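Numbers given in the numbering used here equal positions in the sequence shown, counted from 1, plus 61. Okay, structure first, notes after.
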Amino acid sequence: MRFRFQVLLSLGLAPGLAVGQSVAVRVSGQPAGGALVGALASLQDLGGTRVVQTLTDERGRATLTAPRPGRYRLRVDAIGYQGTVSNPIDLQAGLAPERVVTLEAAPLNLNELVVASTRPAQCELGEARGTAAARLWDEAHKALTGTQITSARPMELEVKTFERRLDTRSRIVSETSDARRATTARPFASIDPDSLSRFGYVQERADGLWFHGPDADLLLSEQFLDDHCFRPANPGPDSSLRVGLEFQPSSSRSVPDISGVLWLDAKTLELRDLQYTYTGVEWPQGTLAIGGRIEFVRLASGGWIVGAWSIRMPVTRRRLVRVGQRDSVAGYREAGGSARAVADLPPVAGATAVVGTVFDSLRARPLAGAVVSLQQGAFADTTDQAGRYRIVSPGTGDYLLTVEHPGFPLVGLAPLRASAQLRRGQTDTTDVATPGLVATLRRLCRLDQLDSSRALLVGIITDSLTGQALADAMITVSSDIKTVARTGRVVSIGSKGTQWEITPGSNGAFQVCGVPRGRPLDVHTKVPGRGPIQRRMGADTVAIRELIIRHPE
Numbered sequence: 062m063r064f065r066f067q068v069l070l071s072l073g074l075a076p077g078l079a080v081g082q083s084v085a086v087r088v089s090g091q092p093a094g095g096a097l098v099g100a101l102a103s104l105q106d107l108g109g110t111r112v113v114q115t116l117t118d119e120r121g122r123a124t125l126t127a128p129r130p131g132r133y134r135l136r137v138d139a140i141g142y143q144g145t146v147s148n149p150i151d152l153q154a155g156l157a158p159e160r161v162v163t164l165e166a167a168p169l170n171l172n173e174l175v176v177a178s179t180r181p182a183q184c185e186l187g188e189a190r191g192t193a194a195a196r197l198w199d200e201a202h203k204a205l206t207g208t209q210i211t212s213a214r215p216m217e218l219e220v221k222t223f224e225r226r227l228d229t230r231s232r233i234v235s236e237t238s239d240a241r242r243a244t245t246a247r248p249f250a251s252i253d254p255d256s257l258s259r260f261g262y263v264q265e266r267a268d269g270l271w272f273h274g275p276d277a278d279l280l281l282s283e284q285f286l287d288d289h290c291f292r293p294a295n296p297g298p299d300s301s302l303r304v305g306l307e308f309q310p311s312s313s314r315s316v317p318d319i320s321g322v323l324w325l326d327a328k329t330l331e332l333r334d335l336q337y338t339y340t341g342v343e344w345p346q347g348t349l350a351i352g353g354r355i356e357f358v359r360l361a362s363g364g365w366i367v368g369a370w371s372i373r374m375p376v377t378r379r380r381l382v383r384v385g386q387r388d389s390v391a392g393y394r395e396a397g398g399s400a401r402a403v404a405d406l407p408p409v410a411g412a413t414a415v416v417g418t419v420f421d422s423l424r425a426r427p428l429a430g431a432v433v434s435l436q437q438g439a440f441a442d443t444t445d446q447a448g449r450y451r452i453v454s455p456g457t458g459d460y461l462l463t464v465e466h467p468g469f470p471l472v473g474l475a476p477l478r479a480s481a482q483l484r485r486g487q488t489d490t491t492d493v494a495t496p497g498l499v500a501t502l503r504r505l506c507r508l509d510q511l512d513s514s515r516a517l518l519v520g521i522i523t524d525s526l527t528g529q530a531l532a533d534a535m536i537t538v539s540s541d542i543k544t545v546a547r548t549g550r551v552v553s554i555g556s557k558g559t560q561w562e563i564t565p566g567s568n569g570a571f572q573v574c575g576v577p578r579g580r581p582l583d584v585h586t587k588v589p590g591r592g593p594i595q596r597r598m599g600a601d602t603v604a605i606r607e608l609i610i611r612h613p614e
């Protein structure tokens, strides 16, 4: 087993210090050449399995962190573009290579759709590569995956819901509605795909019939793909505006199911909505359409949410069974709603946002790579090389701004906090600075331990294969100087000099106050079950030092 040992001799923070094993990607599209917002970036292992995925931000940027060091392929897809997969990339803990990816536009052949809509449905999309059905599913799949990724991080939504009772002619008899703001990215969710596959989308229970609709998770599930066949929908008169992928239950299905169409924008190929009806159930004669609709909305950030949904169900006079009953319909029940991201609401006089700069007072320069966030990370931006950030506000009022950086734990620094006052249609400027030199020294050391001849040693020790902190390591720092200040740790002064024995914290970070400046230091590391390693390094200046130690297998 090998592990990496980093030592930083500094009173500041390492610039762009990476955590784990990451790759930064910047995506643009041709022929326009602009940044692609909401492109799907993922890391695959060499077997083709996705291990992590995310969406690019407003600048076409994303950072992917692998679960462990190793070789991975970078895959980038975007709606309306030809995807690409890289050659294997070696990702190591603490390193973050950058890749620039340019995707070529891939317009859809509408004439091919007209012909394909008359052909039998494809029941195995995995074996239908190159067909019109597979191409449409590929584009819809990107938007549905974007919906999954977006829903993993809650956001503030303006949600409106309704429930209506209709008569047999679809006239509204009664209606209730509700409007509220909620912190969620999933206004509604389907039940387990395996349950729907086994028992159907209309299930009879003691309290009546339950009608279940699809969501992004269900549509992407193996069960849904196994249970349905696909083909391009007949374009009809709206072919210049939208194209569709029709799905229907396979012939082996014997439980209530759904059939429908996933409609895409004909020009951009963005997913617009899903319309579906229930199948495999004998409705009473004269029953109007029973089914639902789901509208998908792309956010300004590139993410996706369900923007509207509705479902219509029959109200019968007797218990409804699949075959042989002559139940009559007493009316219908409709339920649904809409959701809009608060951050995407039309501004009163421009965007409501907070901007500013994060400054590293220890090194007297802007701090790059800091994550600035509102609402516990729900809305965030990463500072650029000039330390700048910009966050579109999820609302108005007083917000707590949080600043985090991978290097903060090295000097015992907790996330920074600041207050931002946000007003509708206005931009608030909030600058944040890390504590200065004196404040940092007071927090970590006694001032009498540092003078012109003494320095502060800061370091972190991690496993180079897993990226995990080695909190069980024992680190010994030796100097040939005997007259040093006691730091509160285990210090021994002998005829040959001074030794400090340090046990890292749970995050692998450690600090030693009072090491001699301008003299060589011997750094000795020992990890249980592995042989000791010793390196000599200088502390001539107050500068960042990094030492990589690899243990033999």
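In this text, a Cβ means the ideal position worked out from N, Cα and C, and glycines have one as well. What you are looking at is a predicted structure, and each value in this text was computed from that prediction instead of being measured.
Coil, strand or helix - residue i by DSSP
i: Gln284; result: helix
i: Leu471; result: helix
i: Phe272; result: strand
i: Thr206; result: helix
i: Thr523; result: strand
i: Ser238; result: strand
i: Phe249; result: coil
i: Glu265; result: strand
i: Ala193; result: helix
i: Pro577; result: strand
i: Thr338; result: strand
i: Trp561; result: strand
i: Glu217; result: strand
i: Val403; result: helix
i: Leu423; result: coil
i: Trp365; result: strand
i: Thr495; result: coil
i: Ser454; result: coil
i: Glu159; result: strand
Between the CA atoms of residue j and residue i - distance to the nearest angstrom
i: Leu608; j: Ala154; result: With a pLDDT of 41 at Leu608, under the threshold of 50, the modelled position of that residue is not reliable, and the figure given next carries that caveat. The alpha-carbon atoms of Leu608 and Ala154 are separated by roughly 13 angstroms.
i: Val316; j: Ser256; result: 11 angstroms
i: Asp541; j: Ala530; result: 29 angstroms
i: Ala478; j: Phe420; result: Before going further, note that residue 478 is Arg rather than Ala in the sequence given. Taking the straight line joining both Cα atoms gives about 13 angstroms.
i: Leu360; j: Ala481; result: 24 angstroms
i: Arg401; j: Thr245; result: 11 angstroms
i: Ser311; j: Asp253; result: 20 angstroms
i: Arg485; j: Val403; result: 11 angstroms
i: Met535; j: Pro589; result: 9 angstroms
i: Arg597; j: Arg196; result: 59 angstroms
i: Phe440; j: Ser301; result: 37 angstroms
i: Thr271; j: Pro128; result: The identity of residue 271 in the sequence shown is Trp, whereas the question assumes Thr. Looking at the two C-alpha atoms, the distance is approximately 40 angstroms.
i: Ala250; j: Thr208; result: 12 angstroms
i: Thr115; j: Pro581; result: 45 angstroms
i: Gln91; j: Leu483; result: 37 angstroms
Beta-carbon proximity list for residue i, same chain, < 8 angstroms, skipping 5 on both sides
i: Gln595; result: Asp583, Val584, His585, Thr586
Own chain, CB closer than 7 angstroms to residue i, minus 5 neighbours either side, in chain order
i: Ser399; result: Lys221, Gly368, Ala369
i: Arg226; result: Val234, Ser235, Gly392, Arg394
i: Ala201; result: Leu306, Leu323, Leu325, Leu332
i: Gln143; result: Leu164, Glu165, Ala167
i: Arg241; result: Val220
i: Asp533; result: Val588, Pro589
i: Arg247; result: Ser212
Per DSSP, cross-strand counterpart(s) of residue i
i: Ser434; result: Ala441, Thr463
i: Pro310; result: His289
i: Glu395; result: Arg225, Arg373
i: Leu164; result: Gly90
i: Ala534; result: Partner(s): none; Ala534 has no beta bridge.
i: Gly352; result: Thr338, Arg373
i: Phe357; result: Val367
Close-in-space but distant-in-sequence residues of the same chain around residue i (CB under 6 angstroms, 5 per side omitted)
i: Ser616; result: Because the chain here runs from 62 to 614, residue 616 falls outside it and cannot be looked at.
i: Glu159; result: Ala85
i: Pro275; result: Ser251
i: Ala431; result: Val419, Thr444, Val464, His466
i: Ser434; result: Ala441, Thr463
i: Val98; result: Glu119, Gly363
i: Val493; result: Val419, Val464, Leu477, Ala479
i: Gln336; result: Gly321, Val322, Arg354
i: Asp228; result: Val234, Gly392
Any non-hydrogen atom of the ligand ATP within 7 angstroms of residue i CB
i: Arg373; result: Here there are no bound small molecules, and the ligand ATP is not part of this structure.
> Should the segment 311 to 326 be regarded as contacting the segment 275 to 292, the criterion being three or more beta carbon pairs within less than 8 angstroms?
Replying inline: yes
> On the three-pair Cβ rule with 8 angstroms, is the segment 259 to 273 touching the segment 228 to 239?
Replying inline: no
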